Amino acid sequence: MAEVFKNYIDGAWVEAKSGKTFENRNPANRHDLIGLFPASGPDDIDQAVRAAKKAFAHWRLVPAPKRGEILYRVGELLRKHKEEIARGMTREMGKILKETRGDVQEGIDTAFYVAGEGRRLFGATTPSELPDKFAMSVRLPVGVCALITPWNFPMAIPTWKLFPALLCGNTVVLKPAEDTPHTAIKLFEILEEAGVPRGVVNLVHGRGEEVGAALVRHADVKLVSFTGSAAVGREIASVCGQQLKRVSLELGGKNAQIVMEDADLDLALEGALWGAFGTTGQRCTATSRLILHRDIKKELTDMLVARAEKIKIGDGLDENVEMGPLINHAAREKVHRYVQIGKEEGARLLIGGSIYEEGKWIDGYFYRPTIFDQVTATMRIAQEEIFGPVLSIIEVKSFDEAIEVLNGTPYGLSSSIYTRDVERCFRAMRDIEAGITYVNGPTIGAEVHLPFGGIKDTGNGHREAGTTVYDIFSEWPNIKVAPPGPKAKAVVEKDQRYTAPAYGRVYPLVVKEGRGMVIEDVDGNLFLDFMAGIAVASTGHSHPKVVKAIEEQARKFLHICGSDFYYEPMAELAEKLSQLAPGSSPKKVFLTNSGTETIEAAFKLARFATKRSHSVAFLGSFHGRSLGALSLTASRSSHRAHFSPLVPDVHHVPYGSECIPYLENVLFRHEVSPEEVAAIFVEPILGEGGYIVPAAEFLPNLKGLCQRYGILLVVDEIQSGFGRTGKMFACEHWGVEPDILCVAKGIASGMPLGAMIAREEISTWTRSTHGSTFGGNPVACAAALATINLIEAGLIKNAGAVGNYLQESLGKLRSLHSCISDVRGLGLMIGVELAQNGGKPDPKFRDRVIAKCFDQGLLLLSCGESTIRFCPPLIVQRDEADIAVGIFDAVLTELGG
Ligand code: NAD
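First residue of the sequence shown: 43, per the numbering used here; consecutive thereafter.
So, in structure tokens, the structure goes:
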């Protein structure tokens, strides 16, 4: 029975979703079945990329030296299993043991070399033009990396990519070549044993056209690192170009060795022999052209033919064998085809040129070492990559001609020159068009600490190995200093000296600029904003359309006082708001500067209109801080402490459905008659009090009670309004029309504006009964009109959809973190309740989580006793939700919650 192997996804060995498999056979003996491997498809890729994306949130935060330590363990395990892996590799892809040992050794060297880099990974610090600015750039990971590799170096090439990618903090999905899946399994068994965390590395087997292509296309893959043929490389580059994805390509070669008339011919012979026939000519750096000066051509050709004829062909597991088989039937067909082409082109076949199927070798894909003479530089066999044991000899008359011939192909990977003339060496280094040039050495022989890669059609300019590989797998982000940086500190110090100590700042965010979802502080640190300036920046920071509206109005006039004069933006906004407010009855609008002022206005109007003095509000509610609004507020006693006496005749009752029997049976019976109650003030979702969504019957029942007693229902939508919950106003979720609707916050994207929208029949104020010098400022009105346009045009829908997604993602964290006792909310108004020690609220822990998220670049705020609110701008996208959840998850892990 054939052994069945699996994919490695999210820390588990799994079959392909289709259940299908493909065979892998020994190229030295096609009857030797190595095993069955998963024939995966795009679904498997999607699963692997998701796992990698999720793991990225943790892995990127693991310190680089720690990541290096894991790689060090990987290196030790590779060393321990070197012989076993090398033997398996020879069986799998045919190259001789000496070479497969070298291949595994390359992986070992890379592991140790890269592990050490964990303690360096240098950035750059430079002086700044400004006196108080400290300039530095640091390396940050890119994200999920797709690694697609060929079969000819099944350990070296994956590790060249994988280890630096991991060290930089990326997570990966590897798609190895179909011909060498088993070596990849061995590598992943070691990665698992070494303790690489779940999801950080993922392995998906399958056909390149299907699985490889799906991986490249996947939207969550941020970088593709590919080694393989130029044809596939081109396809991948074009997809990545369309998607503006980072891509590193290491492609084919048509490498040449020049031998000048003054060369050491014995040395040159060794170079040509192993350059051409090592790995059966299946190296990207293989010597496929031998450019010989005419003075030594005959002598070296004779030496080479004599030696090549004696090359011992056979199963690479036999220590005496010097050349193994080609990788598969198609490869041998291709090589043989090129031999026919060479003959047709007029080249003279010196040796080989035929399939080797003597004795038991009939069952393998062997081919004789082949040498063509009288090859001209433009023949196809001298131009195209054959990828087999075929060497073309080209005669030249001079050094300049040799360089010209060497440069005369589309490729530019490796090259070599044999000469004793130091001047020629330096001219060759200057004039050869190749990524690598050896002097008096073969075209093969990479070392892990030296940059590796080609020019022209061999790649797109990246260099693997060495320290240059980190430029592929890391970003150089902005100038950064740990928050609070020196500039932030200076602002905080000044602020603390001169501003009132009442402000409750939670972390030292000193903003320089906001763009969309991102805030940049004065030191150049970037933060993802999931608090929107307490749910105010509804259209994100400085939305261009809002900014344009503000600029246009600011150019006309800034202020005239809406209490005394008229202007179009105010009238237009009032009209818009009265149309937007729920319910069909006509409305009147009073504009203010803030939520507090809006509540204050509603408080006054309710008394004025009903001629009743009492009001009811809810425990846990927040309505503002002016004395009137504060009298209604009861979220934290500290807000009210030492400000009494507050406005009398305000009664607080429990929030939620149980308030109805309480009002009827307790308050109205024992304390105040309902006929004396002017209004009930209610937040449809408790905001500051903990983002609590009441039961569905709560608001309709409250409305019914108000109607029974002629009490006005004042709905405070200051936080929940303007699309945040997935409807324009939260009360619309329950079909309730308020008598008075109070709005502010999200209405104008951050410009100070509030509005009280009352049913016309209640709006009984007479001339000059109430007013506001700044309320309804024309610039703020213009901002509000632009904001409302954007909200209506799609942000409401987005808030609903991304809100559900965010709430679901946060909900999933509950199974990972026992400290999360509840996740609740509507749309983009989501509260995560944190508790410690068997469910007890823990505000201190909550505050530490918020502070740590700030350190990690995520802005959050608290509410309730032990809740964190997620209230990002309504423009937030799923990707950003993923990042925020990832950071939050990692912070909880770090703080042990
Ligand atoms: P290949 O291009 O056929 O395949 C390479 C990998 O790409 C495989 O994993 C394959 O499954 C995958 N693939 C195939 N089609 C794909 C597609 N449409 N989308 C995504 N992935 C796809 O190459 P190969 O035959 O495995 O390897 C030989 C080639 O690799 C030669 O041209 C050789 O020169 C080159 N190579 C280059 C370097 C270098 O560093 N420059 C090193 C080794 C090999």
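We put the CB at the ideal spot given by N, CA and C, even for glycine.
What you are looking at is a predicted structure, and each value in this text was computed from that prediction instead of being measured.
Asked                                                                                                                                                                        : Found
DSSP three-state call for C784: helix, strand or coil?                                                                                                                       : strand
Helix, strand or coil for P528 per DSSP?                                                                                                                                     : helix
Should P192 be counted as a contact of ligand 1 given a C-beta to heavy atom distance under 7 Å?                                                                             : yes
Given this structure, state the Cα-to-Cα distance separating A671 from S679, to the nearest angstrom.                                                                        : 14 Å
Looking at C-beta atoms only, is the number of pairs between the region 333 to 348 and the region 484 to 503 that lie closer than 8 Å three or more?                         : no
Name the DSSP beta bridge partners of W55, please?                                                                                                                           : Y50
Answer yes or no: the CB of A81 versus the heavy atoms of ligand 1, is any distance below 7 Å?                                                                               : no
Tell whether a beta-carbon distance below 8 Å holds between V266 and V258.                                                                                                   : yes
My assumption, with CB atoms under 8 Å, is that G662 sits in contact with G732. Please give the rounded CB distance.                                                         : 7 Å
With I702 and H665 assumed to form a contact (beta carbons below 8 Å), what rounded beta-carbon distance in angstroms separates them?                                        : Not a contact, Cβ separation roughly 21 Å.
From E850, H601, A94, L433, pick the residue whose C-alpha is nearest to that of Y380; which is it?                                                                          : L433
Is any heavy atom of ligand 1 found at a distance shorter than 7 Å from the C-beta of V274?                                                                                  : yes
Run the CB neighbour count on P628, radius 10 Å, all protein chains shown included, and call it buried at 16 or more, exposed below.                                         : exposed
Write down the C-beta distance between G25 and V363 rounded to the nearest angstrom, noting that I regard them as a contact closer than 8 Å.                                 : Because residue 25 is not part of the residues shown, which for the chain are 43 to 939, the question remains open.
Quick one: measure Cβ to Cβ for E850 and P885, integer angstroms, because I've assumed they're closer than 8 Å.                                                              : Actually they are not in contact, since the Cβ atoms of E850 and P885 sit about 26 Å apart, beyond 8 Å.
Check whether the region 777 to 784 and the region 792 to 799 touch, using three or more Cβ-Cβ pairs below 8 Å as the test.                                                  : yes
Is H656 closer than 8 Å to V708 when the C-beta atoms are compared?                                                                                                          : no
Quick check on the burial criterion: 16 or more other C-beta atoms within 10 angstroms. Buried or exposed for D924?                                                          : buried
Which residues does DSSP list as the beta-bridge partners of K882?                                                                                                           : Q878
If we ignore side chains and look at the alpha-carbon of each, how far apart do H371 and G401 end up?                                                                        : 18 Å
Comparing the CB of K217 with every heavy atom of ligand 1, is any distance shorter than 7 Å?                                                                                : yes
For N840, count the other beta carbons within 10 Å of its own beta carbon; 16 or more makes it buried, fewer makes it exposed. Which is it?                                  : buried
Assuming I1016 and F764 form a contact by the criterion Cβ under 8 Å, report the distance between their Cβ atoms to the nearest whole angstrom.                              : Outside the shown range of the chain (43 to 939) lies residue 1016, about which nothing can therefore be said.
What do you reckon, is the C-beta of F205 under 7 Å from a heavy atom of ligand 1?                                                                                           : no
Hey, how far is the Cα of M770 from the Cα of I838?                                                                                                                          : 7 Å
Starting from F414 and walking both ways along the beta strand (DSSP E), at which residues does that stretch end?                                                            : 412 to 415
Could you round the C-beta distance between C187 and F515 to whole angstroms and report it? I think they count as a contact, below 8 Å.                                      : 7 Å
Looking at S330: is its Cβ nearer than 8 Å to the Cβ of I428?                                                                                                                : yes
DSSP has S721 in a bridge; who is on the other side?                                                                                                                         : Residue identity check: residue 721 is Ala in the sequence provided, not Ser. In the DSSP output, where bridge partners are listed per residue, A721 has S657, L754.
Which of the three DSSP states is assigned to V490 in this structure?                                                                                                        : coil
If you reduce the DSSP assignment to three classes, tell me which class H943 lands in.                                                                                       : The structure shown does not extend to residue 943, since the chain spans only 43 to 939, so no value can be given for it.
Going by alpha carbons, who is nearest to I917 out of L600, M573, I190?                                                                                                      : M573
Count the other C-beta atoms from every protein chain shown that fall within 10 angstroms of the C-beta of D442, then say buried if there are 16 or more, exposed otherwise. : exposed
Which same chain residues, not among the five before or five after A643, have their C-beta less than 7 Å away from its C-beta?                                               : F632, T634, M798, H812
Just grab the DSSP bridge partners of M793 for me.                                                                                                                           : S791
Out of T829, H712, L852, point me to the one whose CA is closest to H693's CA.                                                                                               : H712
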